[in-house]
Each structure stands twice: as C-alpha cells, then as structure tokens.
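Using the UniProt record's numbering, read the sequence shown as starting at 1 and increasing by one per residue.
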Amino acid sequence: MPQWQMKLDLEQKHMVSRTPLQESLNENAQSHSSGERSRMEEVKRNNNAGKRRGRRKGKGILVEKMQDMSNNSEVSPACSASSSSERSLVFPRRPGYGQLGTKCLVKANHFIAELSERNLSQYSVRITPEVKCTRLNKAIMAELVKLHKDADLGKRIPVFDGRRTLYTAGLLPFNSKEFTITLGDDDEWIGITKEREFAVTIKFISQANMLQLRELLSGKHVDNPPQALKIIDIVLRELASQRYISVGRFFYSPSIKKPQTLDMSTTAFIEPLPVVEFVAQVLGKDVSSRPLSDADRIKVKKALRGVKVEVTHRGNIRRKYRISGLTSQPTRELIFPVDEEKNMKSVIEYFQEVYGFTIQYPHLPCLLVGSQKKVNYLPMEACKILEGQRYTKRLDEKQITSLLKSSCQRPREQEMDILQTVRQNGYKQDPIAKEFGINIDDKLASVEARVLPAPWLKYHDAGKEKECHPQLGQWNMLNKKVINGSTVNHWACINFSCNVQENAARGFCHQLAQMCQVSGMEFNCEPVIPVYYARPDQAKKALNYVYNAAANKLGGKELELLIAILPDNNGSLYGTLKKICETDLGMISQCCLTKHVLKISKQYLSNVSLKINVKMGGRNTVLLDALRWKIPLVSDIPTIIFGADVTHPESGEDCSPSIAAVVASQDWPEVTKYAGLVCAQPHRQELIQDLYRTWQDPQRGTMSGGMIRELLLAFKKATGQKPLRIIFYRDGVSDGQFYQVLLYELDAIRKACASLEPGYQPPVTFIVVQKRHHTRLLPNNHNDRNHTDRSGNILPGTVVDTKICHPTEFDFYLCSHAGIQGTSRPAHYHVLWDENNFSADEMQSLTNNLCYTYARCTRSVSVVPPAYYAHLAAYRARFYVEPDSRDNGSMRSTRATNGSVNVRPLPALKEKVKNVMFYC
1 MPQWQMKLDL EQKHMVSRTP LQESLNENAQ SHSSGERSRM EEVKRNNNAG KRRGRRKGKG
61 ILVEKMQDMS NNSEVSPACS ASSSSERSLV FPRRPGYGQL GTKCLVKANH FIAELSERNL
121 SQYSVRITPE VKCTRLNKAI MAELVKLHKD ADLGKRIPVF DGRRTLYTAG LLPFNSKEFT
181 ITLGDDDEWI GITKEREFAV TIKFISQANM LQLRELLSGK HVDNPPQALK IIDIVLRELA
241 SQRYISVGRF FYSPSIKKPQ TLDMSTTAFI EPLPVVEFVA QVLGKDVSSR PLSDADRIKV
301 KKALRGVKVE VTHRGNIRRK YRISGLTSQP TRELIFPVDE EKNMKSVIEY FQEVYGFTIQ
361 YPHLPCLLVG SQKKVNYLPM EACKILEGQR YTKRLDEKQI TSLLKSSCQR PREQEMDILQ
421 TVRQNGYKQD PIAKEFGINI DDKLASVEAR VLPAPWLKYH DAGKEKECHP QLGQWNMLNK
481 KVINGSTVNH WACINFSCNV QENAARGFCH QLAQMCQVSG MEFNCEPVIP VYYARPDQAK
541 KALNYVYNAA ANKLGGKELE LLIAILPDNN GSLYGTLKKI CETDLGMISQ CCLTKHVLKI
601 SKQYLSNVSL KINVKMGGRN TVLLDALRWK IPLVSDIPTI IFGADVTHPE SGEDCSPSIA
661 AVVASQDWPE VTKYAGLVCA QPHRQELIQD LYRTWQDPQR GTMSGGMIRE LLLAFKKATG
721 QKPLRIIFYR DGVSDGQFYQ VLLYELDAIR KACASLEPGY QPPVTFIVVQ KRHHTRLLPN
781 NHNDRNHTDR SGNILPGTVV DTKICHPTEF DFYLCSHAGI QGTSRPAHYH VLWDENNFSA
841 DEMQSLTNNL CYTYARCTRS VSVVPPAYYA HLAAYRARFY VEPDSRDNGS MRSTRATNGS
901 VNVRPLPALK EKVKNVMFYC
C-alpha cells in the first residue's frame, strides 16, 4: 500500500547542525546572575564535599531565579516555562575537546557552506485577507515575484518563510509597498475554482548582521545569536522545496525508482491508487462483491481519514477533496435533498443523471468530504488518491519489512547516493544560492574523530572467564556466569499457542531452566504446576487460575515467575498479559513466541535467561572500573543515574495520553540495576509532569510525591545512602524544547530533593539524548578494515565533538554500537546543565562505558542504557492504557471546565514489580 521514498535532509547541509537558537538572550544577563551563581556555588560547597578542587566553575548559568513551576500540580508546565526565563538560561560552554581514544578521520553527511559577508535584509509581509495556509501564502508570494521581480523588486530573488517574513540579499527599492495579487484558488473542500484577490504589503524591518554568525561559527560566545542563521536555514529550505515533496520540515524524492538520500531516513507515502483498490489492500481481500462489515468499515475509515483524493468521473475536471469519514450506509441506500423544497434523490440516480456515471459498487459506503456544514457524498469508485501524501498510520510487519529493505544501505552505497544527489541538485548553478552568496561544497565533510576503548566487564568468579574485554562492541556468555544470579524457586508456564504441543512446551521450559542454571542463576527445573494450556481470548481467566493454583500448592507463597508461550501473531494478548501481571497480580512474566519454542537455539535461550535474571533482581555484568572505584564523578561519592523519556500516541490518535517514564540506578558503585516508574499525562505533552508534585491531605496537610522523589527514596533504601550526585539522561527532546524542558524538569528535581531534607541539593548534570536526527558518520576509507566493523560501519566507540557540533556548547556524537545492517546512526548528547563539572573525556567515556551494561544482550547499544530503559518502560506502560496499542486508544484525555486537562492515571505497578527491571 505505501510506497517507500527516501528523505532528503537538506537542513544538515550547512555546518551548523542545530536549528537557530533563541533569537535573543537577556541583554542584562551578567548583571542579574551573581546572586544566583553564589547561591548555586554555596549549594555545591555544602553538598559536594568530596568533589575535586581546581575545576572550572559555572557550567550552566541560570540568570534569573527559576519560576516556581511545580508548586501546583495542576498548573500546565507548558504555560509555566515562560519565554523570559528561557532567555535567561545559558547552556554550559564546552569544557575543551576530548583527548581519550585512538584518533581517526570519518566523513559526515554535512556539507560546508561558504557564506557571503554582505548583510541580509528582513521585511515583514502582511496578506489581506489573512491566510492561515502556508502553502497558499507561498503561492501568493510566488505570483508576486513572478509579476514584479524585474521592476518593483529590483531584480532581487526573495525567500519567504510562508508566514510573515521575507528575506533578501540586499535592500529592495522601497521601504514599504503594497501589491495586489489575483490568484486562482482550487478549494479542495467544496470543489469550486474561483479567483481571489489579495493585498500584499511588504515593509522593511532590519538587516541581519552576518558578522555575528561568523563569530558564532568561529567558536566565540555570542549573547544574541544572529537572525542570519535563521535566514540561511530558510534559504536552504527554499532550494530544496523546488525539487522535492515537502512534508513538515523534511523533503522527499518523488521517485521511488532512484532513491537518493542525504541521510538514511525514509518515510512511507500512500500509493496513488483508485480508492477501491486502496480499500482492498487495507482489508487484504476483494471488496467488489460483498458489503463491508462494521469492523471493516471502521478499519477503512481510520485508514482514509484525512487523505486527499481527486474525482475521476468528470473527465478533465479533477476536483480535490479531503476525506473526513465514511457513510454508515452503503451507497445504494443514500439519499439527499436536491433543492430547497427538500426533494430527495439517491446518490446512484444523481451521478447517473448529472454525470452519466453508473455506480458499479453500490454495496460500498461513500466517502464523506467537505465541511461539517455541507457534507458531500462521493462514491469510492469515482475517486483516486492524490500523489505525494505521507502515510502517518502505524505500519504492519509486512510494511516494516518492506521499509527496511528499501532503506537499508551499507555505508559505501549510502555515501555514493548522497554524493549523486548533491551533484544532481546543482547548488553551484542555483539562482537562489547565487543571489544569497551561498556556495555549498559537493564533498562530504571530513571530521576528526576518536575511537574510545571498550571497558572491561566483570562476571562471576565461578565462571571460567571472570573478566571480559568486548571486541567490536560484542561478546558472548560462553564460559561466563552472571555476576549476581537471582533465585527462581516457584514458576509456572501458560501455553497460549495451539501450534505448540504439551511435550514441546515442557521440553522448551526444561531447556530454558537449564540455560538459566548454566548462566549462574538458581533455577528450579520443575514448575509448581504442569504446563497449562489456554486460549488467547481467555487470558485473564487463565492468569488468575494459574496464579491461584500455584498459591494453593505453595501454601500461600506467591508465584515468582510466569513463562508464557504466545502465538507469533498474538494481537492484544501480549499487552493484556503484561498489564494483568504487573498491575493486578504483581508477578514477573517472560513471553516467548511460538517460532522460538518450536526451533530452539542456544543463543535465544541465553538472551532470555539474561532478561529473566534482571527481571528477578539479579545483575548480569558490571563495569570492572566500578568495582575498583575508578569511574570519575561516579565512584567518589554516592551517585544516582536517571533516565527519562516520554512516548506519544501514534499519528491520528488525538485524545490518547502521552506516557512518561523515569528509571534510576538502585546500586552504587555498580550503577547497573534500574527501577522504573511510569505515568500518563496530557496528549503530546513533552514535559514530564509527575517528576515532583504536591497535594493537600485533610489530615496530614501538604504532601509531596512524584517519580524523582520516590526513586531517590528507593535508592537510599537499596544502598543505605542518599545520593550526593545526580546524572540525568533525558531522551526525546528536540532542539526547540531544550530551554523549556530544562527549566521545568531541573526545577522539579530541585524540589524533589528539597522535600526530602532541608538544604539537600546534590549537584545535577542534565544531558539530552537524541537519536531522531539526520547526521550520519561514515568511514573515511571503506576499504580500511582497521577502521570499520564487520558491517562496513565506523567502529563502536567512535566519538566526534568538533566541526559538526555546536561551536560553543557541550555536545558530541557517539556511535557506541557495532552496526548490524544499514548505516549506523550515532546518538547525539547535549549537556544542558552541569554542576558536576564533567570534562569532555569524563562525560564521553562514562556514556560509552554505560552502553556496555545493557541487560538484554551481550552487545553495546546505541543509546545510553538509562535512556533506553526509560523508553522501554514508557512503551510497556502504553499497554496499561491500550492493551492492543495497534488498533485503539481506549484511554482518553478530557478537558475540565476550568480549562485544565484531566488524564485518567495509569493503574499502579505492584511493589514487587516496580523495584526490578520488569520492562526488560
């Protein structure tokens, strides 16, 4: 159904990879900062007695006192983080460049852009009547430039942001001028073509100083980041928009036959098919003869809502419409009034009489198009889907396989396609590029990098191999035993698969128990009760039966572990099982698919045993340096490492809540075991609302709570010590949300600490982790086997903190994992706050080393594990509100009468579950 087309990331072609910074910082920042700095330094002196002396100060300055944004748990955080506070925040400056590791060269899919020294001019644009559609605004401006470029515009080629601002390379011949533009508008809602007249007023505002941009790129601190950077970004987008399909901030090639990319991202487009064919593909069956069932109609309605179509029954007249829904009745039953006297006519008669069009599929419903005031019926067979529409629904397994197959390119092929695309784009001949004095190099940027050494890992002394040094980001469990094996005495198995016979299920469980023993766990080979078979639609009944039957046999003791054998395609069964086990019964579960049960491999059993061990409270491995107290800024004083993430509903779900998850290390100095908490919050809210909260109790007065506070208490309970340092890895934050997220969430961390003990303010380091970017790092020489892994990618541990990173702030790219297929994507880490004064080497090596402690496999992973675990926990919690996350959103956000958004809370995790790594 969807066609796969390759994304062209033209935003990354200039060397400044961040979006423009806040347009202005507080000009009086320095005059207001001394009081806050002294307060922060006093806190650090009181709470960081063990910290080394002589290190730099002030890594991250909060000029104004942060607003009290979480005093009332019902206040929306989006409203609380004011723009004035954002402008008062200065991110930490880079503490120098890293030196650790083996130096090498890599290529990046960034292209050096030489910029003109002349200043750029900014003009305001006012269009009357007001137009809210960016595409229509741009069409109006394009017509204006076409008509008036040579005369009134002085032969300038302006670029327009599609809203209210126009930019030129030099001044226009006027300060202010009004133009009248007439445009033919094809109204897709009502299908009427008409001419519309617009008054366009262009007025000079200011000139953008290119000197400040050059100073920023040279590494100097610029208090007022230049408007010129935003202009350059708009100019580059204008170059791309003339060649490719624009979807949001991105551009896609319209040709599937020659998929060239400037990165390895892809998206799905809806194939421009007749609607009847599209419906047949959605349902996977022929629809030409039988009416749609209610379930089929709902599925089709979901797939078609918002899709644009054109009519095909009127010859050369191709009106365009957007689908708003489907009729509940088939076409043959639909009638509508044709005049003011309410005379009725059937849809079939109307199309036959007016258009001479005979409807062939009267059993199918009609498409609903148009506005709510005037709904139009369109037969499916009279419509075709328009080309160039992004497919935003969830992809099924077959579509995902097709997507991966089309987008998976080795680094060598990726580089060739990138360079071919750049040559085809011909930037050196582009009139807009010439107009603005932008010269884009046609070679990939060569960047200095370093390969960090892999850490040594410690396993149990009972194994033949007590220590392990991973090679190329991977190792195995051969001759090794987990460093802390858990104990499983009481377990049971439910078989939900009709394809797995009793003997096969029993044999699989026996082999899994043996593998757990070999791995170093104490695991009873016999289940409490025999393997229990159940139908998938009887999951709740079966789980309660097995839980109670085991409890009866054990004399009141609880079942410790449930092994569940699931069908390969199990629909909502997995989510239902996890929800019941973790929020109702308080039982750890391990699910295994039928295909793995019927074809047992030792590697699979080994990986499952690792998951079971950490779910039951064990540790698989720890960093050897942790046991030797040698990890800088972790081993010296009790340190807690947090990971946090927010997952949002899929496109099209406009009411389901977002899910926030926070995990935190519960062992020190090992920092390997992570407890996790989850909460629901308003739809697409990125700020984590439940980090800290207060409420009024009628008997006890003001009460404090929230995920940070609860995890800090859990750390003290587990280790016997309170954390004296906090390291916070935050996933899923885009560049434009940095200020807002830091202000709100750092404030919540501060308040959670203060609620535990007066004056308790451990120093915090706050790092954003980004994977959804478009930077790729490629080997400098694809034939050099000393600098590539088995997949042809750069070596695991490759770090870059120069040239393509921010000129002054503390960020770096780290490829911590070995490639498996395609081109590896490095993670981007940006330090937004640092009271612990990490050096570049300390932050980079800590992050890289932690990537070797991921519990679910014997490979280093691409994202630092606490952030990875938070993502897993948030995804797991989605099942608590949507047992089948693929098809529905049963939990809704509602708006209260006072304007606040009410979200039904998630069912609480049982105590036995939330203190272990249940999400693994």
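Glycine included, every Cβ here is placed at the ideal spot set by N, Cα and C.
Being a predicted model, the structure only gives us computed values, none of them experimental.
The ligand MN heavy atom lying under 8 Å from the CB of residue i
i, result
"Ser519", "No copy of the ligand MN occurs in the structure displayed, which carries no ligand at all."
Buried versus exposed, by CB contacts within 10 Å (16 or more), residue i
i, result
"Asp690", "buried"
"Trp833", "buried"
"His221", "exposed"
"Val354", "exposed"
"Leu711", "buried"
"Glu197", "exposed"
"Arg776", "buried"
"Val800", "buried"
"Lys914", "buried"
"Arg94", "buried"
"Gln389", "buried"
"Ser497", "buried"
"Leu211", "exposed"
"Gly507", "exposed"
"Ile140", "buried"
"Asn137", "buried"
"Arg785", "exposed"
Per-residue DSSP class, three states only, for residue i
i, result
"Gln420", "helix"
"Gly370", "strand"
"residue 929", "Given a span of 1 to 920 for the chain in the structure shown, any question on residue 929 remains unanswerable."
"Thr775", "coil"
"Ala169", "coil"
"Ala303", "helix"
"Cys498", "coil"
"Thr134", "helix"
"Tyr869", "helix"
"Leu378", "strand"
"Glu197", "strand"
Proximity test, Cβ basis, 9 Å: residue i and chain B
i, result
"Phe496", "Considering every chain present, this structure includes no chain B. It has just one protein chain."
Selected residue, minimal CA-CA separation from residue i, among the options
i, options, result
"Phe810", "Gln844, Asn489 and Asn783", "Gln844"
"Lys602", "His110, Cys516, Arg904 and Asn503", "Cys516"
"Lys320", "Lys301, Ile494 and Glu387", "Glu387"
"Lys717", "Arg730, Pro158, Arg693 and Ala675", "Ala675"
"Tyr813", "Asp784, Lys428 and Gln770", "Gln770"
"Phe659", "Trp668, Thr647, Pro669 and Asp667", "Note on identity: in this sequence residue 659 is Ile, with Phe being the wrong assignment. Ranking the options by Cα distance to Ile659, first place goes to Thr647."
"Glu333", "Cys805, Met344, Phe508 and Gln737", "Met344"
"Arg118", "Asn209, Met477 and Val451", "Asn209"
"Glu582", "Lys910, Arg305 and Glu560", "Lys910"
"Ile359", "Pro330, Asn499 and Lys434", "Pro330"
"Gly732", "Arg684, Ile708, Pro796 and Cys805", "Arg684"
"Arg709", "Val662, Pro669, Glu686 and Gly736", "Val662"
"Asn479", "Cys468, Gly618 and Asn781", "Cys468"
"Thr765", "Ser791, His830, Leu756 and Met707", "His830"
"Val369", "Thr719, Glu341, Asp296 and Thr327", "Thr327"
"Ser176", "Val200, Asp645 and Leu183", "Val200"
9 Å Cβ cutoff met for residue i and residue j
i, j, result
"Ile202", "Glu178", "yes"
"Thr102", "Trp475", "no"
"Gly494", "Ala542", "One point to set straight first is that residue 494 is Ile, not Gly, in the sequence displayed. Taking 9 Å as the Cβ cut-off, Ile494 and Ala542 qualify as a contacting pair."
"Pro669", "Pro657", "no"
"Lys481", "His460", "yes"
"Leu573", "Glu842", "no"
- prompt: Below 8 Å, can you find three or more Cβ-Cβ pairs linking the region 809-828 to the region 576-587?
  reply: no
message: Count Cβ pairs between the region 596-616 and the region 637-644 that sit closer than 8 Å; are there 3 or more?
response: no
task: Assess, as a yes-or-no matter, whether the region 537-554 is touched by the region 616-626 under the definition of 3 or more beta carbon pairs within less than 8 Å.
output: no
Stretch pair the region 274-292 + the region 349-369: three plus CB contacts closer than 8 Å: yes
message: Assess contact between the region 91-106 and the region 443-460, defined as three or more Cβ pairs (one per stretch) separated by less than 8 Å. Is contact present?
response: yes
- prompt: Between the region 697-704 and the region 740-749, do at least 3 Cβ pairs fall closer than 8 Å?
  reply: no
- prompt: Are three or more beta carbon pairs between the region 482-489 and the region 516-526 nearer than 8 Å?
  reply: yes
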